[in-house]
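So the structure is just underneath, and the comments pick up after that.
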Amino acid sequence: MRIKSLFWIFSFVLTAFSIAGCKKDRNNNNNNNDPQASQLNELFKQLKSQPQTFTVKSGEYVTIQGAGGTVIKFHPESFVDKDNNYVVSGINLKVTLTEALDYRAMIANRVQTITENKQRLISGGAVKVEVSFEDTEIYVRDYSVSFLTTENPPSDLMALYTGYESSQPAGNVVMWYDDTTGTTKSNRMDNNINGGVNLYFTFDSVTTLGWINCDYFFNHTGPKTDIGVTFPDNTFNEKNTEVYVVFPQINSVSGLYNYLPNANSFTMGYAGYHIPVGSVIHVMTVTEKNNQYYMAVQKDITVTHNHTVNVSPQPATFAEITTALQGL
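For the sequence shown, counting from 1, position 224 maps to 226 in this note's numbering; every step adds exactly one.
Quick look at the structure:
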């Protein structure tokens, strides 16, 4: 039952503590103390999407809509405290929403469409949802999330994945757990955006906050290959460089983190990451060295067996990196 005492509110603020919105962080050991990595982290802090904030009242039916079309619905019993007690009705809560719905925004937010067990995902978009009361974290029993899509008819394979942060030499990235149980999925037509009819992937019983992703596995059965992205010299390395491979046809992106110092090259590494031969990809690299950003972009690359992409990064400003990212 709901707790209605004002004393409860006071105690709630004093005693609540923060626990991550998704299940837990993996390998998040904050190994990004290298000055080069720190500079690259600063770049991505500027690139990442601006969180959107909403004020909602506990104990009510509430619908919010993100700028990218994401629709979130809370019901009177959605919000709980850390001990799973319902939040008292009538409290103003802050909901923070970050949308990373296409591969450009995913790169900006360091979101990868790769799972913990090294499987590639076809993405319908990712969002980060957080709820708080003043400085205290709020949790959920369940709520609804709808992802706007142009896929018609929508795939029955779409499922909801929960995210975690994986520590990489140049900074933490968001990846995904393989387990998609615990959500009830329905795909339906809706008409609440701009007066028109829009198609959504809707998940009616989302039980976690933090990063969540609308995806299904990319189960390609044909031949696959690793690829290498090779730099001019080893001043471009795993501590100061990030390499992104984009699959525009499936709205998917992954980083290359297997660095081969003797070859000045980044590769996919794990077989699960390998790319179908014949795929069309974009490659974008970003480096920070000696207080200068460097960038390389190659688009519409048709992948062949054991494909190598040779890049020659050039000095770039933050504005030039932003423009290139938007143009991918």
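We treat Cβ as the ideally placed atom computed from N, Cα and C, and that holds for glycine.
Predicted model, so just to flag it, every value in this text is computed and none were measured.
Check	Outcome
Nearest-angstrom beta carbon gap, valine 248 and histidine 284 [assumed within contact, 8 Å]	4 Å
Touching by the beta-carbon criterion (3+ pairs, under 8 Å), the segment 128-147 and the segment 95-111	yes
Reduced DSSP secondary structure (H/G/I, E/B, other) of alanine 128	strand
Backbone CA spacing between asparagine 174 and tyrosine 259 [nearest angstrom]	12 Å
Host alpha helix (DSSP H) of phenylalanine 320 (start-end)	320-328
Alpha carbon of serine 91 to alpha carbon of tryptophan 178, nearest angstrom	33 Å
Backbone CA spacing between asparagine 266 and threonine 138 [nearest angstrom]	46 Å
Proline 234 to glutamine 316 span [Cα, whole Å]	11 Å
Residue(s) in a DSSP beta bridge with proline 278	Lys226
Alpha-carbon spacing of phenylalanine 46 relative to serine 125, whole angstroms	21 Å
Own chain, CB closer than 7 Å to threonine 237, minus 5 neighbours either side, in chain order	Lys291
Helix, strand or coil at threonine 96 [DSSP, three-state]	Before going further, note that residue 96 is lysine rather than threonine in the sequence given. Lysine 96: strand per DSSP, three-state reduction.
Cut-off 8 Å between Cβ atoms - residues of its own chain near glycine 68, not counting five sequence neighbours on either side	Gln54, Ile74, Leu99, Glu101 and Val129
Residue environment, alanine 298, which counts as buried when at least 16 other CB atoms sit within 10 Å	buried
Span of the alpha helix (DSSP H) around alanine 161	Alanine 161 -> not in any alpha helix (DSSP H); beta strand (DSSP E) instead, spanning 161-170.
Exposure of glutamate 44, with buried meaning 16 or more beta-carbon neighbours within 10 Å	exposed
Beta-carbon gap between serine 146 and aspartate 206 smaller than 8 Å	yes
Own chain partners of leucine 327 with C-beta closer than 8 Å, once the 5 adjacent residues on each side are dropped	Leu49, Arg106, Ile109, Ala110 and Met286
Inter-residue Cα distance where the pair is glycine 70 and asparagine 264	43 Å
Local Cβ density within 10 Å of threonine 152, reported as buried at 16 or more and exposed below that	exposed
Sequence ranges, beta strand (DSSP E) only - wholly within the segment 240-285, length at least 3	243-249, 254-257, 260-262 and 267-269
Contacts around lysine 120, its chain only, beta-carbon distance under 8 Å, and the 5 residues preceding and following it disregarded	Tyr272, Ala273, Gly274 and Tyr275
Exposed unless 16 or more other CB atoms sit within 10 angstroms - verdict on alanine 18	At alanine 18 the pLDDT is 41, less than 50, meaning the model places this residue with poor confidence; the figure from the coordinates comes in the next sentence. Classification of alanine 18: buried, given that the 10 Å Cβ count is 16 or more.
Residues sharing a beta bridge with serine 134, DSSP	Lys96 and Glu139
Inter-residue Cα distance where the pair is asparagine 200 and leucine 150	7 Å
Beta carbon of leucine 211 nearer than 8 Å to that of tyrosine 141	yes
Identified DSSP bridge partners for lysine 59	Asn94
C-beta atoms of cysteine 216 and methionine 160 nearer than 8 Å	yes
Pairwise C-alpha distance: proline 250 and alanine 321	23 Å
Beta-carbon separation (whole angstroms), valine 176 vs arginine 112, contact threshold 8 Å	6 Å
Nearest residue (CA-CA) to valine 231, options Glu118, Val305 and Lys84	Val305
With 16 other Cβ atoms within 10 Å as the buried cut-off, status of arginine 143	exposed
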